[in-house]
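Here is the structure we will look at.
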Amino acid sequence: MNMNIGQGQGYESYFGPSSELVDIAQFLSSTAEFQQGSSSGSLTSESSAAKKIQAGWSALPTEKQSQIEAECSVSDFQGELSRITQNPRLTAHITHSYHVFVHTVLDNASNSNRRKRKRPNMPDSSTEHPEVRTLQEKLNNVQLQSWPMMVNSAMFIRPPKQADHNALTETKLLAFGGDASKEGRHALVFATVYNTLSWGHRLLSRSSQHVLLSSQSLGDLFDCIPCTSNEMAEEYVDEDGTTKWKEPAVRESAGAVICIEDVAYGDGQSEDDYSDKLIDHLKTLPKTSVPEISKGPLMHDTIFSTLPIRLHKPYWLLHAGDCEHFIVFEHIRLHHQSDPPPSKFPLTTQMTPPLLDTCRACSKAPAVYAVCGDMRLGESPFVICAPCWRWMGNPRAEDAHKISVVPLPKHELGWGGQ
8 MNMNIGQGQG YESYFGPSSE LVDIAQFLSS TAEFQQGSSS GSLTSESSAA KKIQAGWSAL
68 PTEKQSQIEA ECSVSDFQGE LSRITQNPRL TAHITHSYHV FVHTVLDNAS NSNRRKRKRP
128 NMPDSSTEHP EVRTLQEKLN NVQLQSWPMM VNSAMFIRPP KQADHNALTE TKLLAFGGDA
188 SKEGRHALVF ATVYNTLSWG HRLLSRSSQH VLLSSQSLGD LFDCIPCTSN EMAEEYVDED
248 GTTKWKEPAV RESAGAVICI EDVAYGDGQS EDDYSDKLID HLKTLPKTSV PEISKGPLMH
308 DTIFSTLPIR LHKPYWLLHA GDCEHFIVFE HIRLHHQSDP PPSKFPLTTQ MTPPLLDTCR
368 ACSKAPAVYA VCGDMRLGES PFVICAPCWR WMGNPRAEDA HKISVVPLPK HELGWGGQ
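Its first residue numbered 8, the sequence shown is counted upward by one per residue in the working numbering.
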């Protein structure tokens with residue numbers, strides 16, 4: 008969808024430049040020869056350049072080929088790297104050394120007058136294990152001038168963000184959706200989902216990353232996106248007239264629409280779904296500020312191989328009333344024999360752990376309730392942990408009916424592993 012809708016132009020620095028329109032069906036057709044080659048374990052190309060390179064390599068003597076392969080080999084580096092990463096003592100030393108170097112570079116490059124944090128120091132080499140001393144001597148003897156970090160390196164270093172973490176310890180196999188088990192050629196579509204930040208609506212944070220088959224649908228992508236909106240407690244009135252809340256047992260969509268290339272794909276849950284409501288709303292806005300959006304087929308009936316999409320362009324997703332996401336297709340490639348079988352798709356490869364609210368009473372434990380209307384707390388809503396809420400005690404009888412205690416999401420639906 009055009010970025011003029013929603014929060015708009017502030018997002019342009021996060022993405023792009025976008026590619027030309029990609030026709031996935033045409034991509035599959037044009038790469039049929041490569042798919043056939045991969046089934047026998049090798050990829051072939053009919054291009055003249057590839058043939059020329061192959062002929063030149065074959066014309067070299069066997070001894071020359073072996074010499075070139077030895078020069079280009081990284082087996083020695085790979086073996087040394089594997090040895091270090093498999094040794095906890097060496098890995099800990101490398102990690103600590105890296106943090107010391109980074110802190111030193113950032114400290115020296117900073118012009119701030121604020122008091123600087125205590126700099127971590129390298130341990131005394133005389134007390135280190137012999138393995139660590141040997142490794143450090145090798146690193147000290149590296150002759151590359153680009154090996155040590157210089158002050159200018161600070162321009163390319165940033166602290167880790169929440170989106171750099173992954174709630175998954177291994178790829179999550181969802182194994183649902185459409186024609187994933189059909190035989191034939193498949194392309195893999197890599198999608199990244201971004202959320203707007205509640206404390207800065209012009210800022211985005213990566214939420215999750217997914218891989219789908221070209222034979223699967225937009226609806227399959229929507230179904231595998233984890234979102235805290237799916238875990239909001241549901242309000243109901245008890246038999247005695249008291250308003251209570253219950254946690255959702257399953258993920259249920261309250262309506263959704265995805266806009267791709269000025270076409271709105273609704274979920275069809277009602278006769279007048281989100282796509283119809285979006286188009287009706289746009290008609291009330293000045294035509295100069297919004298694009299012409301047309302209604303498309305249902306998202307669960309729209310497979311990727313029928314879609315023209317652009318890589319690195321954000322597409323707008325709205326669901327659960329006012330919950331917005333932006334979907335960016337990062338790249339498209341053929342399904343390879345080393346990939347999971349088609350029946351295992353879609354995959355979720357990354358999910359950013361959601362940030363938990365801290366109890367505003369003790370400022371230590373994660374909050375589990377949002378309390379509304381309780382005058383004792385000074386603000387409404389007030390997020391609080393279970394022990395602090397118990398210690399608050401029961402409110403006065405005449406005020407009890409004014410207070411609502413809403414359980415906060417536990418981040419269990421859609422956030423687990425396989």
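Using N, Cα and C, we set each Cβ at its ideal position, and we do this for glycine too.
Residue range 330-341 is occupied by the beta strand (DSSP E) that includes residue 338, with no alpha helix (DSSP H) assigned at that position.
The DSSP-derived three-state label of residue 380 is coil.
If the five residues before and after residue 379 are omitted, its C-beta is found closer than 6 Å to the C-beta atoms of 387, 388, 411, all from its own chain and listed in chain order. The alpha-carbon separation between residue 335 and residue 69 amounts to approximately 47 Å.
Annotation: residue 66 to residue 362 spans about 60 Å, alpha carbon to alpha carbon.
Under the 8 Å Cβ criterion, the segment 271-281 does not count as touching the segment 246-255, having fewer than three qualifying pairs. The beta carbon of residue 327 sits closer than 6 Å to the beta carbons of 236, 261 from its chain, once the five residues preceding and following it are set aside; these are given in chain order. Restricting attention to 135, 385, 213, the CA atom closest to the CA of residue 203 is found in 213. Taking a cut-off of 8 Å for Cβ pairs, the segment 332-348 and the segment 194-201 touch, as three or more such pairs fall below it.
Assignment of beta-bridge partners to residue 385 by DSSP yields no partner.
Across the set 409, 355, 29, the C-alpha of 355 shows the shortest separation from the C-alpha of residue 176.
With respect to residue 317, residue 29 sits close: the two C-beta atoms are nearer than 8 Å.
Collapsing the DSSP output to three states places residue 307 in a helix.
Remark: fewer than three beta-carbon pairs, one from each stretch, lie closer than 8 Å, so the segment 162-169 and the segment 131-144 are not flagged as touching.
In the three-state reduction of the DSSP assignment, residue 268 falls in the coil class, being assigned neither a helical nor a strand state.
When C-alpha distances from residue 179 are compared across 402, 226, 353, the shortest belongs to 353. Of 292, 282, 313, 168, the smallest CA-CA separation from residue 301 is found for 282.
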